[in-house]
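K.L.:
In terms of this note's numbering, the sequence shown has 327 at position 60, counting the first letter as 1, and numbering is strictly consecutive. The beta-carbon is built from N, C-alpha and C at its ideal position, and this holds for glycine as well.
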Amino acid sequence: MYLNAFAQDAEPLDMTKSDEFQSLLASASDLGIKHPATVRYVSRNVLVNGLRLHLTEWGDPAHQALLLLHGGNQTSHSWDLVSLHLSDRFHIIALDQRGHGDSEWPRDGQATPVDMATDAAAVIAALNLRNPIVMGHSMGGIVTMSLLRDFPGVAQKAVLVDVAPELSPEGTRVIQDFIRGIGEFDSADEFVDRVVSYDPFRTRDHVQRTVRYNLLRRADGKYVSKHDLAHRVLQGRVQSSIAERPTLDDAARFNLPVLLVRGQESNVLTTESAERFVARLPQGRLVTVERCAHNVHSQNTLGFLEAVVPFLTE
Numbered sequence: 268m269y270l271n272a273f274a275q276d277a278e279p280l281d282m283t284k285s286d287e288f289q290s291l292l293a294s295a296s297d298l299g300i301k302h303p304a305t306v307r308y309v310s311r312n313v314l315v316n317g318l319r320l321h322l323t324e325w326g327d328p329a330h331q332a333l334l335l336l337h338g339g340n341q342t343s344h345s346w347d348l349v350s351l352h353l354s355d356r357f358h359i360i361a362l363d364q365r366g367h368g369d370s371e372w373p374r375d376g377q378a379t380p381v382d383m384a385t386d387a388a389a390v391i392a393a394l395n396l397r398n399p400i401v402m403g404h405s406m407g408g409i410v411t412m413s414l415l416r417d418f419p420g421v422a423q424k425a426v427l428v429d430v431a432p433e434l435s436p437e438g439t440r441v442i443q444d445f446i447r448g449i450g451e452f453d454s455a456d457e458f459v460d461r462v463v464s465y466d467p468f469r470t471r472d473h474v475q476r477t478v479r480y481n482l483l484r485r486a487d488g489k490y491v492s493k494h495d496l497a498h499r500v501l502q503g504r505v506q507s508s509i510a511e512r513p514t515l516d517d518a519a520r521f522n523l524p525v526l527l528v529r530g531q532e533s534n535v536l537t538t539e540s541a542e543r544f545v546a547r548l549p550q551g552r553l554v555t556v557e558r559c560a561h562n563v564h565s566q567n568t569l570g571f572l573e574a575v576v577p578f579l580t581e
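1) Which value, in whole angstroms, describes the spacing of the CA atoms of Thr305 and Leu280?
2) Which partner residues of Trp372 appear in the DSSP bridge assignment?
3) What does the Cβ neighbour count give for Gln289, buried or exposed, with the cut at 16 atoms within 10 Å?
4) Considering only the beta carbon of each residue, do Pro432 and Thr514 sit closer than 8 Å?
5) Look up Ile359 in the DSSP assignment and give the residues it is bridged to.
6) Determine the direct distance from the alpha carbon of Pro380 to that of Leu501, and round the result to whole angstroms.
7) Among residues of its own chain, excluding the 5 on either side of Phe418, which ones have a beta-carbon nearer than 6 Å to its beta-carbon?
8) If you follow the beta strand (DSSP E) that Ile400 is in, where does it begin and where does it stop?
9) From which residue to which residue does the beta strand (DSSP E) around Thr555 run?
10) Which first and last residues belong to the alpha helix (DSSP H) in which Leu579 is found?
11) Is it right to say Arg479 is buried, meaning 16 or more other beta carbons lie within 10 angstroms of its own, or is it exposed?
12) Using alpha carbons as the reference points, say which of Val563, Arg512, Pro549 and Asn522 lies closest to Glu532.
13) Residues in its own chain within less than 8 Å of Arg397 by CB, not counting five upstream and five downstream?
14) Hey, quick one: how far does the beta strand (DSSP E) through Arg311 stretch, first residue to last?
15) Determine the contact status of Thr411 and Asn316, defining contact as a CB-CB distance below 8 Å.
16) Give the DSSP-derived three-state secondary structure of Gly448 in the structure shown.
17) Could you check how far apart the C-beta atoms of Glu588 and Leu320 are, in whole angstroms? I think they sit under 8 Å.
Structure, rendered in structure tokens:
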């Protein structure tokens, strides 16, 4: 706890002076993603619910707050290209959710969507994010729906990326199989090979630039994922997590504008499931982004931005 408190009080780290930021700018240039000439981008920690959570913060705190929640086995950096583009218009908080990235792993392995939604609500309060917009992808979208259900009025708008209460069992099984196959690697390139074979929409160069945020090198030289798998093997936790997930009936309680973004080639969220969900939302909209599957914002970042920016700024 004392170490966590120290981490929370540490000065934010200016990421624009890092090699990683230069790599991000190279990716943006390759993909044709525009961004401001001057960017505020820092790495910092916040202590909530007894856990130290890491986040990246972009833009002017005086601007509209935008909270970004990543998918399973990913990190806050999955949003880097989106955050870079939006950083002159929004105050962006991209959170490493518990058990992911550089955030602390819960000692009891507890990491259900409800736990993560409680963390998100606590981060909003701790950082005094007033009337934020919340955007979540995949697992982060389930967390977003849990947040809207359990903390009414916490957000003014929400964006859900390729996720809804009804998901394809076949598509989710493909993701689970990929995650289960992530064990130890002798090199980062070995992990890159696996990601490229799983995700044909991204170039190898793009994957190589982002993979550093997902891997941890152990003392024995092996590479492992920055993802705590403990909560997946604890007895009863998986079923309890499923039971807590938002349902179609919960949609009527989301009384705020909600944009659902679906990847055209997604095998996780079918068109029929997306349409059923949006029909239940009081203020729901559906948009489909071409040339991408489940990881919409990283597989076709330009198309994703074209779909969401009008909603974010209206």
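P.N.:
Quick answer:
1) Cα-Cα distance, rounded: 16 Å.
2) For Trp372, which the question treats as bridged, DSSP gives no partner whatsoever.
3) exposed
4) Yes, the pair counts as a contact, with Cβ atoms nearer than the cut-off.
5) BP columns for Ile359 point to Trp325 and Leu333.
6) Only weak support is given to the placement of Leu501: the predicted model assigns it a pLDDT of 45, under 50, and the question is left unresolved by the model.
7) Ala388
8) Note, Ile400: beta strand (DSSP E), Ile400 to His404.
9) Counting along the chain, the beta strand (DSSP E) containing Thr555 begins and ends at Gly551 to Val556.
10) Thr568 to Thr580
11) exposed
12) Val563
13) Contacts found: Ala332.
14) Boundaries of the beta strand (DSSP E) around Arg311: Tyr308 to Val315.
15) no
16) coil
17) Beyond the ends of the chain as shown, which are 268 and 581, falls residue 588; an answer cannot be given.
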